[in-house]
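For the sequence shown, our numbering gives the first residue as 34, with consecutive numbering after it.
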Amino acid sequence: MIKNDEFAFRSNLDRKTLDLVFDRRTLEALKYVFSRYSIDYLDFPISTGKESVVFRAVSGKKFIAVKIFKMSTLKFMNIRKYIEGDQRFSKIRIDRNDIIPVWVRKEYTNLMALENAHVPAPKPIGFFKNILVMSYLGTKSGPAPQLKDVDVNEDIYTQVIDGMRRMYASRIVHADLSEYNMLYHRKVYFIDLAQAVDIDHPMAAEFLERDILNVSTFFEKHGIDTNPDRIREYIKKK
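This is the structure:
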């Protein structure tokens, strides 16, 4: 648990991960985020990845999610291609020193686009430096499971394809879609949107094909008949 007043650590993260996540700059940013969004404490880590850790946080009587991007592990060259070529960020100067705040802003912008298009995703609340604040998906007892851990069926498959279509209609391609980047909480939610690009991005078509293949392969493994060509046609249908 990381409290607002003392930043005391009581977490099941190992020491190395804690050191990677909570460096001096992140702790300074967290103090602002705690105050700005009335956060009482970080409860527990929902997910831990190479580039970020997502915590459930407590704000009064409600839960929210706080995503902290690791300042030391985000690779400039790995994420640069998702920003350059995206016309929404064409006027933003990008260098190694400021790319992480741009990356966080990009995920916030994409979440806003999905919310406006009525695509199920975490509701964006705010961001600051390397920290993104959004709605929590889950119950009091625990977070919503990834799709890989759900007994999927035709209805869930339809929800995914419909979500991809609405996303594309709002000019967004996820660019890293798989069973790991979707949650199920009474319905399918799309998560991890930092790398998502505008459909006019030079690599958008390639990213879309990869998303379609990942989705098709996953559902085929669960005995659900899919067809990448039909999926593509449906997603792009106006």
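We put the CB at the ideal spot given by N, CA and C, even for glycine.
Sequence-distant residues of its chain with Cβ nearer than 8 Å to residue i (five each side left out)
| i | result |
| --- | --- |
| I127 | R113, I116, E117 and V135 |
| P178 | L216 and Y217 |
| V230 | Y115, G118, D119, I205, V206, A208, M236, A237 and F240 |
| L246 | P261 |
For residue i, the three-state DSSP class (helix, strand or coil)
| i | result |
| --- | --- |
| T81 | strand |
| P178 | coil |
| P157 | strand |
| M236 | coil |
| Y222 | strand |
| Y190 | helix |
| A90 | strand |
| Y213 | coil |
| I112 | helix |
| L246 | helix |
| I132 | helix |
| V76 | Going by the sequence as given, residue 76 is Asp instead of Val. Of the three classes helix, strand and coil, the one that applies to D76 here is strand, per DSSP. |
| L241 | helix |
| D258 | coil |
| M171 | Just to set this straight, residue 171 is Gly in the shown sequence, not Met. The answer is strand: DSSP assigns G171 an E or B state. |
| D119 | coil |
| L107 | coil |
| E39 | Here the model assigns E39 a pLDDT of 49, short of 50, so the residue's position is not dependable and the matter cannot be decided. |
Residue i - containing alpha helix (DSSP H), residue span
| i | result |
| --- | --- |
| K269 | P261 to K269 |
| V183 | Taken as a continuous stretch (DSSP letters only), V183 belongs to no alpha helix (DSSP H), as it is neither H nor E. |
| V12 | There is no way to answer for residue 12, as the model of the chain reaches only from 34 to 271. |
| L63 | R57 to R69 |
Residue i and residue j closer than 8 Å at C-beta
| i | j | result |
| --- | --- | --- |
| A150 | M200 | yes |
| L180 | E212 | yes |
| D209 | D225 | yes |
| Y169 | F96 | yes |
| H197 | I257 | The amino acid occupying residue 197 in the given sequence is Met; His does not appear at that position. Contact flag unset, no. |
| A62 | K139 | no |
| Y222 | P176 | no |
| D76 | R89 | yes |
Contact set for residue i: own chain, Cβ-Cβ below 7 Å, skip 5 residues either direction
| i | result |
| --- | --- |
| F102 | E84, S85, I133, W136, V137 and N163 |
| V166 | V66, Y70, I97, V99, I158, G159 and F160 |
| T59 | I101, M104 and N163 |
| F122 | I116, V135 and K139 |
| A202 | A150 |
Extent of the continuous beta strand (DSSP E) to which residue i belongs
| i | result |
| --- | --- |
| A98 | K95 to F102 |
Rounded Cβ spacing between residue i and residue j (contact assumed at less than 8 Å)
| i | j | result |
| --- | --- | --- |
| V87 | D73 | Not a contact, Cβ separation roughly 17 Å. |
| G93 | S71 | 7 Å |
| P153 | K220 | 6 Å |
| V54 | F161 | 15 Å between Cβ atoms; not a contact. |
| V193 | V248 | 6 Å |
Spatial neighbours of residue i in its chain, beta-carbon cut-off 6 Å, leaving aside the 5 residues before and after
| i | result |
| --- | --- |
| H234 | G118 and D119 |
| F252 | Y190 and T259 |
| H255 | V185 |
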